[in-house]
Ligand SMILES: [Zn+2]
């Protein structure tokens with residue numbers, strides 16, 4: 042008997058998140074996000090753009106972390122357009138890339154008004170299958186094919202497109218609600234039809250233009266599972282992503298775990314909410330975007346009670362007014378903020394202050410030579426991030442100096 046289908050998470054913070062207007066991450070910050078996602082049990086990180094030249098060193102360095110077993114078991118997957126040119130460029134720049142998503146538009150709107158006669162419905166499928174075959178030949182181990190604007194694509198054509206992808210060796214089809222126009226009702230129906238017809242794992246990539254992003258994501262996952270197929274929800278930390286954002290990572294997990302009617306669906310058992318507080322705070326700091334006070338799970342008010350009846354009820358029994366426990370999300374520990382003297386490590390630090398910083402985080406160097414080498418990297422890391430480094434970044438640089446060096450390297 043075939044195993045029960047599951048719901049997995051593919052986080053796209055390092056792709057959709059960073060391509061968002063006005064916000065960005067440094068390559069070190071992207072690396073930290075990959076490390077945290079791995080620790081959180083997320084199945085896959087869409088870690089960047091293999092055809093974008095300034096991503097090259099970062100992508101290769103992160104694949105080295107995979108080889109070293111540091112970024113394991115998470116899969117790192119690159120996003121490219123579904124063209125043979127992009128596939129070739131990707132493998133040239135990042136030869137060890139093993140996982141890819143190939144993207145092309147499938148709606149009449151985009152085929153007619155974006156491709157403007159360059160491609161029609163038949164040639165969209167041809168481009169995609171040729172790119173897919175080329176990626177397989179070049180050594181890709183898993184490939185997702187993205188139907189951009191799937192929610193506005195004629196169902197019949199979407200099924201034809203996905204079937205062609207499957208027959209050419211695609212492992213997943215990504216249903217993109219690119220404009221965020223689906224509702225839980227429509228996405229459920231459409232993904233059920235798609236999965237029943239094509240019988241392949243479905244990725245659900247939703248946007249929040251109508252405020253429905255998590256609802257749509259779990260409705261889509263439910264539809265794929267109901268059709269007997271695995272589902273892969275695309276998420277972003279703190280709901281970052283183009284325009285109104287993608288599905289918030291933590292909200293999506295909470296909705297699957299605690300939403301009524303979702304208990305019979307199996308979330309990837311490796312997913313661990315314990316890191317929620319840490320990953321959310323880190324992403325907020327790295328993006329420079331505050332966590333809203335009312336953010337599910339990690340907002341300042343997520344477990345705060347003030348009104349008489351609520352406060353009294355929560356004190357009597359947390360289940361009166363709390364759906365899940367703050368401890369599960371890694372909250373509850375007091376955070377210590379230094380209010381006296383503090384030495385920080387920056388672009389212009391010297392060795393004495395630098396040693397003090399590392400002693401505080403309990404990292405020792407074997408000799409002066411090693412300390413000087415790490416200091417130099419920490420200076421560069423500060424130039425690179427343009428904000429004070431967090432302890433985990435300082436530790437990462439000390440643990441993996443050679444990889445850190447590659448991550449900061451960029452030459453146009
Ligand atoms: Zn998107």
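In this note's numbering, the protein residues as written are 42 to 453. A virtual CB, placed ideally from N, CA and C, is assigned to each residue, including glycine. Quick caveat, the model's predicted, so the values are computed rather than measured.
Distance, residue j Cα to residue i Cα
i           : j           : result
residue 310 : residue 99  : 29 angstroms
residue 186 : residue 114 : 22 angstroms
residue 258 : residue 398 : 43 angstroms
residue 474 : residue 158 : Since the displayed the chain opens at 42 and closes at 453, residue 474 lies outside it and no answer follows.
residue 205 : residue 240 : 12 angstroms
residue 321 : residue 279 : 6 angstroms
residue 180 : residue 116 : 15 angstroms
residue 192 : residue 414 : 52 angstroms
residue 362 : residue 188 : 41 angstroms
residue 166 : residue 140 : 20 angstroms
residue 314 : residue 79  : 12 angstroms
residue 332 : residue 324 : 9 angstroms
residue 176 : residue 441 : 31 angstroms
residue 334 : residue 153 : 43 angstroms
residue 388 : residue 82  : 34 angstroms
residue 59  : residue 266 : 30 angstroms
residue 396 : residue 226 : 58 angstroms
residue 87  : residue 374 : 31 angstroms
residue 382 : residue 449 : 30 angstroms
residue 445 : residue 235 : 43 angstroms
residue 407 : residue 211 : 49 angstroms
residue 94  : residue 130 : 10 angstroms
residue 155 : residue 301 : 41 angstroms
residue 109 : residue 77  : 16 angstroms
residue 104 : residue 276 : 21 angstroms
residue 54  : residue 290 : 9 angstroms
residue 360 : residue 221 : 34 angstroms
residue 203 : residue 339 : 37 angstroms
residue 421 : residue 144 : 35 angstroms
residue 183 : residue 214 : 12 angstroms
residue 372 : residue 345 : 12 angstroms
When the options are compared against residue i, the one with the closest alpha-carbon
i           : options               : result
residue 44  : 271, 138 and 431      : 271
residue 120 : 183, 349, 89 and 262  : 89
residue 319 : 57, 74, 216 and 47    : 74
residue 146 : 160, 317 and 444      : 160
residue 285 : 302, 316 and 247      : 247
residue 367 : 133, 317 and 361      : 317
residue 423 : 57, 67, 61 and 58     : 67
residue 378 : 388, 431, 137 and 358 : 431
residue 56  : 250, 142 and 136      : 142
residue 386 : 402, 375 and 440      : 402
residue 417 : 216, 443 and 131      : 443
residue 268 : 214, 238 and 412      : 238
residue 47  : 93, 222 and 273       : 273
residue 281 : 384, 254, 302 and 300 : 254
residue 149 : 95, 163, 396 and 138  : 163
residue 384 : 421, 371, 369 and 400 : 400
residue 85  : 52, 107, 102 and 77   : 52
residue 135 : 102, 110 and 111      : 102
residue 405 : 439, 427, 421 and 372 : 439
residue 91  : 132, 106 and 263      : 132
Buried or exposed (CB count within 10 angstroms, at least 16 for buried), residue i
i           : result
residue 392 : exposed
residue 336 : buried
residue 97  : buried
residue 348 : exposed
residue 356 : exposed
residue 437 : buried
residue 118 : buried
residue 452 : exposed
residue 287 : buried
residue 49  : buried
residue 249 : buried
residue 434 : buried
residue 364 : exposed
residue 376 : exposed
residue 70  : buried
residue 219 : buried
residue 127 : buried
residue 342 : exposed
residue 425 : buried
residue 350 : exposed
residue 409 : exposed
Residue-level contact to chain D via CB, residue i, 9 angstroms cutoff
i           : result
residue 412 : In the structure shown, chain D does not exist; there is a single protein chain.
* Any 3 or more C-beta pairs closer than 8 angstroms across the region 223 to 235 and the region 190 to 205 -> Between the region 223 to 235 and the region 190 to 205 there are three or more C-beta pairs closer than 8 angstroms, enough to call the two in contact.
* Say whether the region 169 to 186 touches the region 121 to 133, bearing in mind that this needs 3 or more beta-carbon pairs closer than 8 angstroms, one atom from each stretch. => The answer is yes - the region 121 to 133 touches the region 169 to 186, with three or more Cβ pairs under 8 angstroms.
* Please determine if the region 289 to 297 and the region 252 to 269 are in contact, where contact requires at least 3 C-beta pairs separated by less than 8 angstroms. => Verdict: yes, contact present.
* Would you say the region 47 to 66 touches the region 324 to 336, given that touching needs at least three Cβ pairs under 8 angstroms? -> Taking 8 angstroms as the limit for Cβ pairs, the verdict is that the region 324 to 336 does touch the region 47 to 66.
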